[in-house]
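Note sheet for the following structure.
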Amino acid sequence: MSILRQVRYSAAKSGLRVPIIWMRHRGLNRNDVLVASYPRSGSTWLRFMLFEILTEKDAEFDDVNRHIPDVGGQRDAVALLPNQGRLIRTEEAFRPDYRRAIYIVRDGRDVALSEYAYQKAQGWIDCSFDNYLKMFVNGNASPYGSWEEHARSWIESPLNARGDLMLVSYRELKQKCEPTLTRIAEFLKVRVPAQVIQNAIQNNNLQNMRKKEDRAPQIGYDPRTKSIAEEKRFVRSGAVGGWRERLTPAQAEYLQRNTGRMLIRLGFEEDPSAVPTSAPSAD
1 MSILRQVRYS AAKSGLRVPI IWMRHRGLNR NDVLVASYPR SGSTWLRFML FEILTEKDAE
61 FDDVNRHIPD VGGQRDAVAL LPNQGRLIRT EEAFRPDYRR AIYIVRDGRD VALSEYAYQK
121 AQGWIDCSFD NYLKMFVNGN ASPYGSWEEH ARSWIESPLN ARGDLMLVSY RELKQKCEPT
181 LTRIAEFLKV RVPAQVIQNA IQNNNLQNMR KKEDRAPQIG YDPRTKSIAE EKRFVRSGAV
241 GGWRERLTPA QAEYLQRNTG RMLIRLGFEE DPSAVPTSAP SAD
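Numbering (the working numbering), first residue to last: 1 to 283.
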């Protein structure tokens, strides 16, 4: 995260949020495509791969942040799409300013663990994880509101209703990366050779992403002092389902009780009330 993003993050939790957000969204046009997500959901990784797919150049933090900037930086963004549209990253809930978007969604339980670890390492919060979970559920842990309401704003948006929203599961991106990126390229109306996609995946795996962060340290992380700063990395493990080993039964039950419907809706949990469409045969 850049220093500018840290300032924006802090200001976003103040009374200045409304005018700041309004200003940051000026200058979007109908051909722009938003790369949207709740924090700690994989949008940085996706941007790196998309940058390489669309430019066939090596992705580094400075280049990616310049070509696919956070919303607010669109004036200087490069038009990477065939229709001269730009890719712009946002962590905001859905807004009418957005005309077309890719929304990457990660299991809220993994998000809570990752966001807590990152915020605490940066010194932005000083509370127990149990207390943090209450803020996470109530929408007070982040200037972007709660994970559940954020996801709802996007999947119930007019974009989704008219086919201008592509919903991408972080789990799907991790486990079926190449076909998922192929679908994203089709959504962006870009024809890309399979080898280009494969190269983008290889060049931006976890090991290579960490090397890139070492070359361009994000806020709070200094590769020269790994023993004390490793926890401050922006590029963390990106685990899928890590909550199963790290949450206590009580914490898992709390999140299930408060976010379970959205977890089911997004495919992270099975619906216990679902009735099988057919009974097994008695052969």
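Note that beta-carbon positions come from the ideal geometry of N, C-alpha and C, so glycine has one too. Just so we're clear, the structure is a prediction, and the values are computed from it rather than from any experiment.
Reference residue i, options the options, closest by Cα
{"i": "L80", "options": "N205, R244, R191", "result": "R191"}
{"i": "E173", "options": "L34, S41, I21", "result": "Here residue 173 is Leu; the residue named in the question, Glu, does not match the sequence. Nearest C-alpha to L173: S41."}
{"i": "A200", "options": "F187, D214, P179", "result": "P179"}
{"i": "P69", "options": "L50, N83, F129, Y118", "result": "L50"}
{"i": "S43", "options": "Q195, E148, N138, L181", "result": "L181"}
{"i": "P82", "options": "A250, F187, R215, R246", "result": "F187"}
{"i": "E253", "options": "R26, D214, K134", "result": "K134"}
{"i": "Q268", "options": "T55, K176, V240", "result": "Strictly speaking, residue 268 in this sequence is Phe, with Gln absent from that position. Comparing Cα positions, the closest option is V240."}
{"i": "R171", "options": "R246, A59, W45", "result": "W45"}
{"i": "V196", "options": "M209, I264, C177", "result": "C177"}
{"i": "I21", "options": "G123, L247, K189, D97", "result": "D97"}
{"i": "R30", "options": "R99, G139, L206", "result": "R99"}
{"i": "R246", "options": "R47, P193, A117", "result": "A117"}
Buried or exposed (CB count within 10 angstroms, at least 16 for buried), residue i
{"i": "G72", "result": "buried"}
{"i": "N204", "result": "buried"}
{"i": "Q202", "result": "exposed"}
{"i": "V64", "result": "buried"}
{"i": "T259", "result": "buried"}
{"i": "R109", "result": "buried"}
{"i": "S128", "result": "exposed"}
{"i": "T90", "result": "buried"}
{"i": "K57", "result": "exposed"}
{"i": "A250", "result": "exposed"}
{"i": "L266", "result": "buried"}
{"i": "R26", "result": "exposed"}
{"i": "Q119", "result": "buried"}
{"i": "L54", "result": "buried"}
{"i": "A141", "result": "buried"}
{"i": "D271", "result": "exposed"}
{"i": "M209", "result": "buried"}
{"i": "R257", "result": "exposed"}
{"i": "L255", "result": "buried"}
{"i": "R215", "result": "exposed"}
{"i": "R17", "result": "exposed"}
{"i": "P280", "result": "For P280, the predicted structure reports a pLDDT of 34, less than 50, and the residue's modelled location is therefore unreliable. A value from the coordinates is still provided. Flag for P280 reads exposed."}
CB-CB length for residue i against residue j, believed under 8 angstroms
{"i": "F136", "j": "A112", "result": "5 angstroms"}
{"i": "Y293", "j": "E92", "result": "This structure cannot speak to residue 293, because the chain is shown only from 1 to 283."}
{"i": "D62", "j": "W243", "result": "About 33 angstroms; that fails the 8 angstroms criterion."}
{"i": "G85", "j": "D32", "result": "5 angstroms"}
{"i": "F94", "j": "S153", "result": "4 angstroms"}
{"i": "I155", "j": "L167", "result": "7 angstroms"}
{"i": "I88", "j": "L28", "result": "7 angstroms"}
{"i": "E115", "j": "M262", "result": "Contact flag wrong, Cβ pair sits at about 16 angstroms."}
{"i": "K212", "j": "E52", "result": "Not quite, the Cβ-Cβ distance comes to about 12 angstroms (not below 8 angstroms), so this is no contact."}
Per DSSP, the bridge partner or partners of residue i
{"i": "I88", "result": "L34"}
{"i": "S169", "result": "V105"}
{"i": "D58", "result": "Note: D58 sits in no beta bridge, so no partner."}
{"i": "D70", "result": "R89"}
Test: residue i CB closer than 8 angstroms to a CB of chain C
{"i": "S114", "result": "Protein chains in the displayed structure number just one, and chain C is not present."}
Task: Validate contact between the stretch 31-39 and the stretch 91-107 using beta carbons, cut 8 angstroms, 3 pairs - done: yes
Open item on the list: Counting beta carbon pairs with one atom in the stretch 64-78 and one in the stretch 153-167, are three or more of them shorter than 8 angstroms?
Closed with: no
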